[in-house]
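These notes are about the structure you will find just below.
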Amino acid sequence: HDKYCDINRDFQSILDLGCRDGGLGQLLVDKQVIGQDLSNNFSGINLQADEEFLPFKPKSLDLVLSNLSLHAVNDLPGCLAQIMTCLKPDGLFLCALFGGETLSELRHCLMEAEMNVRGGASPRIAPFMDLRDGGALLQRAGFALPVAEVDRITVTYENAFKLMADLKGMGESNILTKRFRGLTSPRLMMECARIYSEKFTDDRGRITATFDIIYLMGWSPHKSQQQPLKPGQGKVSLTEVFGQTPDG
């Protein structure tokens with residue numbers, strides 16, 4: 004929301020992609036916001052649709068927002084390409100999603116615990132996009148003036164069970180389809196909690212969990228936007244900038 008407020012533009016047709024309870028849309032006072040989500044169980048939804056199959060006409064939206072949703076899609080490049088198609092010229096895409104080292108501690112502990120208990124490990128935490136991938140995907144989808152930033156947040160919990168309960172409440176407990184399909188045994192969870200407390204505890208005795216929030220921003224191309232100079236069009240020589248000739 005803060006990044007949206009930094010932009011001096013009056014957007015009319017706005018899509019909140021993966022809206023869940025509609026909290027983001029409620030912050031946009033006096034705006035017509037379409038709240039989309041795959042599930043119709045969320046209170047903020049007024050359009051049930053898949054993020055990977057957007058039911059909008061080309062060049063029909065001024066702004067597409069997404070808050071902590073797109074990390075769960077199967078085909079992020081395809082989703083970004085569809086968003087690009089839906090945006091009007093000079094329209095804006097702005098999103099936040101989990102990436103980088105998010106839940107790296109829990110990933111490590113679950114893998115080690117499963118090795119100890121079962122003698123083998125299955126994927127339990129989804130792979131996350133890193134910052135460099137985010138910028139590259141924006142460019143690949145055709146966005147102009149792409150920006151990718153990251154904020155690292157460290158959250159502390161009483162124990163691993165509190166963390167996993169929080170993740171379950173967020174709908175982030177496990178988005179992998181190729182995970183172990185059997186019951187998760189109490190022994191495995193106890194072993195995970197033990198390893199977590201042993202390896203990732205702060206000086207107050209609380210476990211730490213890393214969340215990397217990646218912010219992506221890109222514009223639908225328009226002739227009014229700043230354009231990069233073509234090779235040979237620069238007006239200032241690098242030798243003038245650095246005050247020396249190429250020979251030294």
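Each residue of the sequence shown is one higher than the last, beginning at 4 in this note's numbering.
For every residue, glycine included, the Cβ atom is placed at its ideal position computed from N, Cα and C.
Opening and closing residue of the alpha helix (DSSP H) in which residue i lies
| i | result |
| --- | --- |
| N70 | No alpha helix (DSSP H) holds N70; the beta strand (DSSP E) holding it covers 64 to 70. |
| D205 | Taken as a continuous stretch (DSSP letters only), D205 belongs to no alpha helix (DSSP H), as it is neither H nor E. |
| D142 | A small correction: the amino acid at residue 142 is Gln; Asp does not occupy that position in the sequence shown. Segment 134 to 144, the alpha helix (DSSP H) holding Q142. |
| T105 | Per DSSP, T105 belongs to no alpha helix (DSSP H) and is neither H nor E. |
| G81 | 79 to 89 |
| L170 | 163 to 173 |
Extent of the continuous beta strand (DSSP E) to which residue i belongs
| i | result |
| --- | --- |
| R155 | 147 to 160 |
Residue i CB to nearest heavy atom of the ligand MG below 6 Å
| i | result |
| --- | --- |
| L79 | No copy of the ligand MG occurs in the structure displayed, which carries no ligand at all. |
Span separating the alpha-carbon of residue i from that of residue j
| i | j | result |
| --- | --- | --- |
| Q15 | E115 | 50 Å |
| N162 | T204 | 9 Å |
| E104 | T213 | 7 Å |
| G221 | I198 | 41 Å |
| D169 | I210 | 14 Å |
| P130 | I10 | 31 Å |
| A147 | V153 | 19 Å |
| S227 | G138 | 22 Å |
Per DSSP, cross-strand counterpart(s) of residue i
| i | result |
| --- | --- |
| M255 | Residue 255 falls outside the range modelled here, since the chain spans only 4 to 251, and no answer is possible. |
| A212 | V158 |
| L57 | Per DSSP, none; premise fails for L57. |
| L73 | DSSP output for L73 lists no bridge partner at all. |
| L50 | Q39 |
Chain-order list of residues whose beta-carbon lies under 7 Å from that of residue i (same chain, five-residue window excluded)
| i | result |
| --- | --- |
| D53 | L41 |
| P58 | A52 |
| L140 | L79, P80, L83 |
| M87 | A144, G145, F146, S223 |
| R155 | T213, D215 |
Contacting residues, own chain, Cβ-Cβ under 8 Å from residue i (five flanking each side not counted)
| i | result |
| --- | --- |
| K202 | E108, H111, C112 |
| E55 | V76, N77, D78, G81, C82, Q85 |
Other residues of its chain near residue i: CB distance less than 6 Å, five sequence neighbours each side excluded
| i | result |
| --- | --- |
| A124 | M114, E117, M118 |
| L66 | F14, I17, L95 |
**Whole runs of the alpha helix (DSSP H) within the segment 14 to 45, excluding any shorter than 4 residues** = 26 to 29
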